[in-house]
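Taking full-length UniProt numbering, the leading residue of the sequence shown gets 1, the next gets one more, and so forth. Down below is the structure, laid out as structure tokens.
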Amino acid sequence: MSSKYKEYWYWGNMVLTDQPLWNSSFKNLSLTKDSIFIYSFIMDKNKDVFKNSWAYYPDIKSLLGFIEYVFLPTAFFTWLDNETEGFKTPIATVDEVLNVMVEKDRPESDILTMREQIKDLRTLWLMDDSDNIRELKNFSKEFNKQWKEYDDRLLYFRVFQRSTEIGEFVFTGEENNFFEEIMEEDIGMTKIQWKETCENIYDNKFLKNRFIDILNHKVGCLV
Numbered sequence: 001m002s003s004k005y006k007e008y009w010y011w012g013n014m015v016l017t018d019q020p021l022w023n024s025s026f027k028n029l030s031l032t033k034d035s036i037f038i039y040s041f042i043m044d045k046n047k048d049v050f051k052n053s054w055a056y057y058p059d060i061k062s063l064l065g066f067i068e069y070v071f072l073p074t075a076f077f078t079w080l081d082n083e084t085e086g087f088k089t090p091i092a093t094v095d096e097v098l099n100v101m102v103e104k105d106r107p108e109s110d111i112l113t114m115r116e117q118i119k120d121l122r123t124l125w126l127m128d129d130s131d132n133i134r135e136l137k138n139f140s141k142e143f144n145k146q147w148k149e150y151d152d153r154l155l156y157f158r159v160f161q162r163s164t165e166i167g168e169f170v171f172t173g174e175e176n177n178f179f180e181e182i183m184e185e186d187i188g189m190t191k192i193q194w195k196e197t198c199e200n201i202y203d204n205k206f207l208k209n210r211f212i213d214i215l216n217h218k219v220g221c222l223v
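Next comes the structure, spelled out in structure tokens:
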């Protein structure tokens, strides 16, 4: 059965009507144990773009749709375009974005890499959910490796199946005491309290409703 999440018109309409897709719960749906989290970061210092966002989607297919039809067109447009100032999500498929950039003589090697990455991503639609999540995490690692080694620009995303994974990720600099102190000050919890919070999210209605806001407003850039 075809999924609406695999159709560009579904996402294009949401972008056109300015629906919150980057830093919220998708369509205000409640957080459940089936929800999948995404942390994304798009940076271009020359355009003053610093898009640091947390969101969750109800399942892997909806998240896959966001990545293919919203995140990647935006990320690749930001990387290649040298005419637009500020952050912009193009109302176009990633293929349309790349075709325009070819016409504008943007770097061919980057465009070829992007075409290969979107080709790899599309194979995930054919997988069952458990394989899909694993392979999407693998895809993100390769994606991040490709677009992270630059001084003025960066594209990054990471997927989390459970809130406990986020609990660990936020303190990835835990071997550095200074980093740990900064994180504890930002989120208003000790590392132990934070990890306990992440373990109990699904059973605490207040925390469940507030978790994505805490991530977006208390946790800074983690890349």
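Every residue, glycine too, gets a C-beta built ideally from N, C-alpha and C.
Asked, Found
"Taking the CB atoms as reference points, tell me whether V94 and P73 lie closer together than 7 Å.", "yes"
"Can you tell which of I201, S140 and D48 has the C-alpha that lies nearest to the C-alpha of I38?", "S140"
"Is the segment 78-94 in contact with the segment 6-26, if contact means three or more CB pairs nearer than 8 Å?", "yes"
"Flag this pair as touching only if the segment 208-217 and the segment 151-162 have three or more C-beta atom pairs under 8 Å; answer yes or no.", "no"
"Helix, strand or coil, according to DSSP, for D213 in the structure here?", "helix"
"Can you list, in chain order, the stretches of the beta strand (DSSP E) that have 3 or more residues and sit fully within the segment 33-71?", "36-44 and 49-57"
"Drop a sphere of 10 angstroms on the beta-carbon of L63, count the other beta-carbons inside from all chains shown, and report buried for 16 or more, exposed for fewer.", "buried"
"Under the rule that 16 or more other beta-carbon atoms within 10 Å means buried, what is C198, buried or exposed?", "buried"
"For K6, I'd like the list of residues in its chain whose CB is within less than 7 Å of its CB, leaving aside the five on either flank, ordered along the chain.", "G65 and W125"
"Using a 10 Å radius around the Cβ and a threshold of 16 neighbouring Cβ atoms, would you call L121 buried or exposed?", "buried"
"Whose C-beta lies closer than 6 Å to the C-beta of N144 among residues of the same chain, with five residues either side of it excluded?", "Y156"
"Out of N13, S25, S3 and W9, point me to the one whose CA is closest to N216's CA.", "S25"
"Give the list of continuous beta strand (DSSP E) stretches no shorter than 3 residues that lie fully inside the segment 114-183.", "153-160"
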